[in-house]
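**Student:** Heads up: the sequence shown runs through residues 57 to 389, numbered per the working numbering. Note that the Cβ used here is the ideal one computed from N, Cα and C, for glycine as well. Just so we're clear, the structure is a prediction, and the values are computed from it rather than from any experiment. First the structure, which I've put down as structure tokens, then a few questions once you've had a look.
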Amino acid sequence: MPVIIGIKNKTGRNHMPEYTPKSYAILLAAGMGNRTGFAVPKQLIKLKNKEIILHSLEIFLKSKINFESIVLAVPPSSVFNFNWKNFFEENMPSGEAGKLRIVTGGATRQESVANSVKYIESIISKKGQISKACQNSQASSQAAQIIQASAAAISSKSSKCPQGAQSAQTFQENPIVFIHDSARPFVTEGELNLLLKKTAENGAAFLYSEVTETIKTIEKIKIKKIKAAGENEVPIFNMPEQKGLRLNIKTLKRSNLISAKTPQVFKYEIIKNAIEKAAAENFTSTDDVSLVENIGISATPVMSNPMNIKITSAIDLEIAELLLSKFDKRFTD
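This is how it looks when you write it as structure tokens:
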């Protein structure tokens with residue numbers, strides 16, 4: 057539940073309490089990983105005798121952020137028939153498995169995110185109803201209640217409501233939602249905490265790395281033709297072509313480019329509104345920050361550690377095996 061912190065001023069009186077918002081994590085694992093060349097989805101490929109998804113999941117389960125729930129978006133059974141519930145129960149301590157919520161992912165990343173956020177919405181709505189009922193119950197027995205300096209002091213001895221449910225504000229505040237690729241098993245605790253801080257301040261944040269390669273755009277343009285007197289039609293441009301097309305290549309300024317990674321983190325209402333607007337406009341994107349940009353909000357970029365690679369191919373898996381031992385030593389704090 058949210059932590060209520062009473063802050064005393066110089067007179068010894070408490071200011072209004074600060075609320076640490078609830079945090080939820082979404083782990084995207086609905087892709088089939090066809091580029092890896094393996095017979096199973098990439099998230100089930102073993103990295104040092106443990107599936108990639110378990111490495112990524114461990115980051116969030118062991119985090120001091122203490123996520124309320126971790127939502128796992130997995131492939132539909134019609135695409136990949138696998139008992140995910142049994143898999144997690146067999147490979148994780150019962151106490152940790154209790155935080156997991158499994159949802160069916162979609163045909164695209166964006167659909168999987170939408171399904172997961174919808175599930176989080178159901179959790180928030182349910183808790184909000186409990187909170188409101190408790191508040192109404194207390195209102196009949198107390199005309200007013202002064203918020204004390206600790207969470208323990210806020211509850212009424214006669215109340216049968218769950219601890220922390222006495223205030224409707226507790227469950228109606230704006231939670232934080234982390235969205236992460238399950239194929240990125242090298243995110244640090246420090247990065248999670250910095251993303252949480254920046255999101256609480258600005259509404260959205262994401263990890264990024266600098267671009268070191270020269271990036272070019274390629275546009276295929278249909279070749280216009282002219283007809284000279286007494287001649288057949290000929291291309292205006294005398295250059296290699298493919299079925300009447302030519303390539304228009306431009307170089308982008310590298311200093312203006314960054315590479316977006318995950319986690320990408322948002323206040324719940326922001327990502328919810330972004331998903332709804334994208335659906336209404338039939339707007340599609342390959343990451344969640346783009347959806348938020350579509351509603352006019354800029355996310356705060358946070359520099360990623362250099363080991364935060366996404367495993368999408370067989371060669372990535374070999375690189376990850378080399379990185380794992382170094383990551384365990386250098387990036388676990």
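1. Who are Q320's beta bridge partners in DSSP?
2. Could you tell me which of K328, F94, P131 and G246 sits nearest to I115, measuring between CA atoms?
3. Report the three-state DSSP secondary structure of R240 (helix, strand or coil).
4. Return the first residue and the last residue of the alpha helix (DSSP H) that N147 is part of.
5. Compare the C-alpha of A239 against each of A334, K98 and I82 and name the closest.
6. Using only CA atoms, which one of A170, T342 and A163 lies nearest to K333?
7. Can I109 and S79 be called in contact, C-beta distance under 8 Å?
8. Report all residues from its chain with a CB closer than 6 Å to the CB of D343; omit the five preceding and five following residues, and keep chain order.
9. Less than 8 Å between the beta carbons of L83 and I126, yes or no?
10. When DSSP labels each residue in this structure, what does E107 get in the three-state scheme?
11. Which same chain residues end up closer than 7 Å to K306 when comparing Cβ atoms and leaving out the 5 residues on each side of it in sequence?
12. Mind checking whether F234 and M363 have CB atoms under 8 Å apart?
13. What residue range does the beta strand (DSSP E) around S134 cover?
14. Taking the C-alpha atoms as reference points, what is the distance between F138 and L301?
15. May I have the straight-line CA-CA distance separating A261 from Y324, to the nearest angstrom?
16. Inspect the beta-carbon positions of T356 and K278 and report whether they are closer than 8 Å.
17. Using CA atoms only, rank isn't needed, just tell me which of V135, E374, I179 and N361 is closest to T164.
18. Buried or exposed, going by whether 16 or more other CB atoms sit within 10 Å of the CB of A376?
19. Contact defined as beta carbons within less than 8 Å: I believe I158 pairs with L128. What is the distance between those atoms, to the nearest angstrom?
20. Could you check what DSSP says for L301 in three-state terms: helix, strand or coil?
21. Sorted by chain position, which residues of the same chain lie with C-beta nearer than 7 Å to F339's C-beta, five sequence neighbours on each side aside?
22. Check each candidate in F94, I314, N230 and A81 and name the one with the smallest Cα separation from E124.
23. Within 10 angstroms of its Cβ, does A370 collect 16 or more other Cβ (buried), or is it exposed?
24. Which residues mark the beginning and the end of the beta strand (DSSP E) in which L84 is found?
**Tutor:** Looking at the coordinates:
1. The residue given as residue 320 occupies position 264 in the sequence shown. Note: Q320 sits in a beta bridge opposite I235 and F262.
2. As a working note, residue 115 is residue 59 in the sequence shown. The option with the nearest alpha carbon to I115 is G246.
3. Along the sequence shown, one-based indexing puts residue 240 at 184. Correct three-state label for R240: coil.
4. The residue given as residue 147 occupies position 91 in the sequence shown. W140 to N147 is the span of the alpha helix (DSSP H), which, as asked, contains N147.
5. Counting from 1 along the sequence shown, the entry for residue 239 is found at position 183. Closest by alpha carbon: K98.
6. Along the sequence shown, one-based indexing puts residue 333 at 277. Among A170, T342 and A163, the Cα nearest to that of K333 is on A170.
7. In the sequence shown, residue 109 corresponds to position 53, counting from 1. In the sequence shown, residue 79 corresponds to position 23, counting from 1. Contact: no.
8. Here the question's residue 343 lines up with position 287 in the sequence shown. In chain order, A316 place their CB closer than 6 Å to the CB of D343, counting only its own chain and leaving out the 5 sequence neighbours on each side.
9. The count along the sequence shown starts at 1 and reaches residue 83 at position 27. The count along the sequence shown starts at 1 and reaches residue 126 at position 70. Yes, the pair counts as a contact, with Cβ atoms nearer than the cut-off.
10. On the sequence shown, position 51 is the one that residue 107 refers to. E107: strand per DSSP, three-state reduction.
11. Along the sequence shown, one-based indexing puts residue 306 at 250. Excluding positions up to five away in sequence, the list reads K272 and T273.
12. The residue given as residue 234 occupies position 178 in the sequence shown. The residue given as residue 363 occupies position 307 in the sequence shown. Contact: no.
13. Residue mapping note: residue 134 aligns to position 78 of the sequence shown, counting from 1. No beta strand (DSSP E) holds S134; DSSP gives it neither H nor E.
14. Translated into the one-based positions of the sequence shown, residue 138 becomes position 82. Translated into the one-based positions of the sequence shown, residue 301 becomes position 245. The straight-line gap from Cα to Cα measures roughly 45 Å.
15. One-based indexing of the sequence shown puts residue 261 at position 205. One-based indexing of the sequence shown puts residue 324 at position 268. Each residue's alpha carbon lies about 12 Å from the other.
16. Along the sequence shown, read from residue 1 onward, the residue named residue 356 stands at position 300. Along the sequence shown, read from residue 1 onward, the residue named residue 278 stands at position 222. In this structure, K278 does not lie closer than 8 Å to T356 by Cβ.
17. For the purposes of this step, residue 164 is identified with residue 108 of the sequence shown, where counting begins at 1. Nearest C-alpha to T164 among V135, E374, I179 and N361: V135.
18. To locate residue 376, count along the sequence shown from 1; it is residue 320. Under this definition A376 is a buried residue.
19. Numbered from 1 along the sequence shown, position 102 holds the residue referred to as residue 158. Numbered from 1 along the sequence shown, position 72 holds the residue referred to as residue 128. Sure, about 5 Å apart at Cβ, within 8 Å.
20. Against the sequence shown, residue 301 aligns to sequence position 245. Correct three-state label for L301: strand.
21. Locating residue 339 in the sequence shown gives position 283, counting from the first residue. The residues are N350.
22. Here residue 124 is taken as the residue at index 68 of the sequence shown, counted from 1. The shortest C-alpha separation from E124 is found at A81.
23. The sequence position of residue 370 within the sequence shown is 314, counting from 1. By the neighbour-count rule (16 or more Cβ atoms within 10 Å), A370 is not buried but exposed.
24. The residue given as residue 84 occupies position 28 in the sequence shown. Start and end: S79 to L84.
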